[in-house]
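A.B. asks: To start, I am sharing the structure in question, which I have written as structure tokens.
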Amino acid sequence: MSHKPTTVNELGEFTVLIDARSPAEYALDHIPGAINCPVLDDEERRIVGTTYVQVSAFEARKIGGAMVARNIARHLDGLFHDKPKEWRPLVYCWRGGMRSGSFVNWLRLVGWDAQQLKGGYKAWRAHVIEQIEQRAPQLQLRVLCGPTGSAKTRVLQALATEGEQVLDLEELAAHRGSVLGAMPGRPQPSQKGFETQLMHRLTSLDPARRVWVEAESRRIGRITVPEPLLQRLRESPVVEIAASPAARLDYLLRDYAWLGDDPQGLADKLGTLRELLPKEVLAQWQAWALEGALPLLFEALMAQHYDPLYARSQGRHLAGLPAAQRLQCEDLSDAGIQALARRIASLP
Numbered sequence: 001m002s003h004k005p006t007t008v009n010e011l012g013e014f015t016v017l018i019d020a021r022s023p024a025e026y027a028l029d030h031i032p033g034a035i036n037c038p039v040l041d042d043e044e045r046r047i048v049g050t051t052y053v054q055v056s057a058f059e060a061r062k063i064g065g066a067m068v069a070r071n072i073a074r075h076l077d078g079l080f081h082d083k084p085k086e087w088r089p090l091v092y093c094w095r096g097g098m099r100s101g102s103f104v105n106w107l108r109l110v111g112w113d114a115q116q117l118k119g120g121y122k123a124w125r126a127h128v129i130e131q132i133e134q135r136a137p138q139l140q141l142r143v144l145c146g147p148t149g150s151a152k153t154r155v156l157q158a159l160a161t162e163g164e165q166v167l168d169l170e171e172l173a174a175h176r177g178s179v180l181g182a183m184p185g186r187p188q189p190s191q192k193g194f195e196t197q198l199m200h201r202l203t204s205l206d207p208a209r210r211v212w213v214e215a216e217s218r219r220i221g222r223i224t225v226p227e228p229l230l231q232r233l234r235e236s237p238v239v240e241i242a243a244s245p246a247a248r249l250d251y252l253l254r255d256y257a258w259l260g261d262d263p264q265g266l267a268d269k270l271g272t273l274r275e276l277l278p279k280e281v282l283a284q285w286q287a288w289a290l291e292g293a294l295p296l297l298f299e300a301l302m303a304q305h306y307d308p309l310y311a312r313s314q315g316r317h318l319a320g321l322p323a324a325q326r327l328q329c330e331d332l333s334d335a336g337i338q339a340l341a342r343r344i345a346s347l348p
């Protein structure tokens with residue numbers, strides 16, 4: 001049972017991945033599939049750090065050592081009490097230092113073939129960045145564009161049911177990419193968490209087959225699309241959904257109906273546009289929001305905000321837009337979206 005440095009390329013050789021960092025660090029981002037078994041919780045980590053700065057490294061290690069021992073004992077008594085001798089855990093902390101090292105030593109004393117991830121989470125983070133940089137330029141992207149209300153996200157989902165490869169960036173970012181784009185009940189991940197999910201998705205795609213993706217700006221809510229992927233998206237061939245205004249409005253009223261459940265929240269969201277709109281226009285839109293007059297509000301948003309924004313941004317950012325294949329569409333019902341997806345999937 002050798003004790004050797006383990007790299008991110010060997011993750012699949014272990015029974016379980018153990019993230020020994022604090023819960024807050026784990027929540028920010030972690031290796032997919034890892035379980036959080038902190039050797040210091042958030043408050044303990046704060047106490048040790050403060051002691052290190054204000055007293056001494058020795059006192060910090062003395063206090064921290066007792067905390068680490070108690071927490072490891074708790075994990076041994078609880079989550080690990082029934083693990084067989086053949087169980088092989090891989091443990092990591094921030095940079096492969098004392099937290100994961102202490103954990104591994106105790107697990108090995110028990111008799112398990114525990115190993116420590118060389119470089120810790122920082123090594124994983126470098127791996128994520130490297131993989132995105134390598135894989136994004138290889139993607140055979142086909143970009144779906146169209147003004148707000150063209151059901152692009154739903155079309156992506158329908159394309160997946162037709163056997164096409166899709167990359168749904170808004171699903172990964174938990175945001176629809178507009179002023180009203182926050183998803184109810186789904187906070188956005190951290191930037192690092194988004195990039196980990198993105199890398200995981202990229203590794204599942206076949207680079208020899210086309211991948212459908214929605215046209216996105218540099219930011220999706222507070223998430224930034226990594227530059228290698230953004231550049232690949234902007235230089236790729238484009239398919240434009242040319243849906244009628246009536247079909248788009250009908251779709252928006254169905255897809256964003258939940259906004260009517262919180263009139264004040266909707267009015268507050270619209271307030272973020274105050275720098276872009278005349279005061280009287282914003283006041284009218286917020287009044288419609290408070291009244292629940294969504295048809296009037298959404299129609300005005302399309303005509304006076306989203307469509308002009310689309311006209312300005314897409315031509316600047318999508319090199320393939322002048323040569324785009326345009327598909328007319330008068331029906332964005334569920335059946336209409338599925339039919340549109342079939343038309344797109346049949347394109348050469």
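Going letter by letter, the sequence shown gives residues 1 to 348 in full-length UniProt numbering.
Backbone N, C-alpha and C fix where the C-beta goes; we use that ideal spot for every residue, glycine too.
The structure displayed is predicted, hence computed values, not measured ones.
(1) Taking the alpha-carbon of glycine 12 as reference, which of Gly33, Ala257, Gln304 has the nearest alpha-carbon?
(2) One question on the structure: do threonine 15 and proline 89 come within less than 8 Å of each other, judged by their Cβ atoms?
(3) Assuming arginine 342 contacts proline 237 under a Cβ cut-off of 8 Å, what Cβ separation, rounded to an integer in Å, is found between them?
(4) Using three-state DSSP, classify glutamate 275 as helix, strand or coil.
(5) Since leucine 141 sits in a beta bridge, which residues does DSSP pair it with?
(6) Could you tell me whether the segment 297–317 touches the segment 245–263, where touching means 3 or more Cβ pairs closer than 8 Å?
(7) Distance check for cysteine 145 and glycine 49, CA to CA, integer angstroms please.
(8) State whether the segment 35–49 contacts the segment 93–109, with contact taken as three or more CB pairs (one from each stretch) at a distance under 8 Å.
(9) For the segment 204–216 against the segment 113–124, are there 3 or more C-beta pairs whose distance is under 8 Å?
(10) Quick one: complete alpha helix (DSSP H) runs, 4+ long, within the segment 248–318?
(11) Counting C-beta neighbours from all protein chains within 10 Å, is the total for alanine 161 16 or more, i.e. buried, or is it exposed?
(12) Which parts of the segment 15–55 are runs of the alpha helix (DSSP H), unbroken and 4 residues or longer, counting only runs that do not cross its ends?
(13) Taking isoleucine 337 and alanine 215 to be in contact with their CB atoms under 8 Å, please state how far apart those CB atoms are, rounded to whole angstroms.
(14) Kindly confirm or deny that the segment 220–235 and the segment 128–138 touch, where touching means at least three C-beta pairs closer than 8 Å.
(15) Roughly how many whole angstroms lie between the Cα atoms of leucine 167 and threonine 196?
(16) Measuring CB atoms only, is the segment 238–249 touching the segment 311–321, in the sense that at least three cross pairs come out at less than 8 Å?
(17) Could you say which of Glu59, Ala293, Thr51, Arg99 lies nearest to arginine 70 if we only look at CA atoms?
(18) Closer than 8 Å is the cut-off here; do at least three beta carbon pairs connect the segment 52–62 with the segment 79–95?
(19) Looking at the secondary structure, which residues open and close the alpha helix (DSSP H) in which glutamine 338 lies?
(20) Assign threonine 153 to one of three DSSP states: helix, strand, or coil.
(21) Can you say whether serine 244 is buried or exposed, counting buried as having 16 or more other CB atoms within 10 angstroms of its CB?
(22) Looking at C-alpha atoms only, which residue of Thr51, Val128, Trp124, Asp82 is the closest neighbour of tryptophan 112?
(23) Go through its chain and collect everything with a Cβ distance to valine 155's Cβ below 8 Å, but skip five positions before and after it.
(24) Can you determine whether any heavy atom of the ligand NAP sits closer than 7 Å to the C-beta of leucine 296, and answer yes or no?
(25) Measuring only between beta-carbons, confirm whether proline 38 sits less than 8 Å from chain B.
(26) Find the nearest neighbour of proline 187 within the set Ala246, Ile47, His175, Leu109, judged by alpha-carbon distance.
(27) Using only CA atoms, which one of Ser22, His305, Ala283, Asp307 lies nearest to glutamate 43?
(28) How would you label glutamine 54, buried or exposed, when you count the other beta carbons within 10 angstroms and need 16 or more for buried?
(29) I'd like the span of the beta strand (DSSP E) that includes alanine 242, first residue to last.
(30) Leaving out five residues on either side along the sequence, give the residues of the same chain with a beta carbon under 7 Å from the beta carbon of aspartate 331.
C.D. replies: Inspection of the coordinates gives the following:
(1) Gly33
(2) yes
(3) About 19 Å separates the two Cβ atoms, so there is no contact after all.
(4) coil
(5) Val211
(6) yes
(7) 49 Å
(8) yes
(9) no
(10) 263–270, 279–291, 294–301, 307–317
(11) Checking the sequence, you will find threonine at residue 161 rather than alanine. Exposed, by the Cβ-count rule.
(12) 23–28, 42–54
(13) That pair is no contact at about 17 Å.
(14) yes
(15) 14 Å
(16) yes
(17) Arg99
(18) no
(19) 334–345
(20) helix
(21) exposed
(22) Asp82
(23) Leu144, Ile241, Ile337, Leu340, Ala341, Ile344
(24) Here there are no bound small molecules, and the ligand NAP is not part of this structure.
(25) Any reference to chain B falls outside this structure, which holds one protein chain only.
(26) His175
(27) Ser22
(28) exposed
(29) 238–243
(30) Ala247
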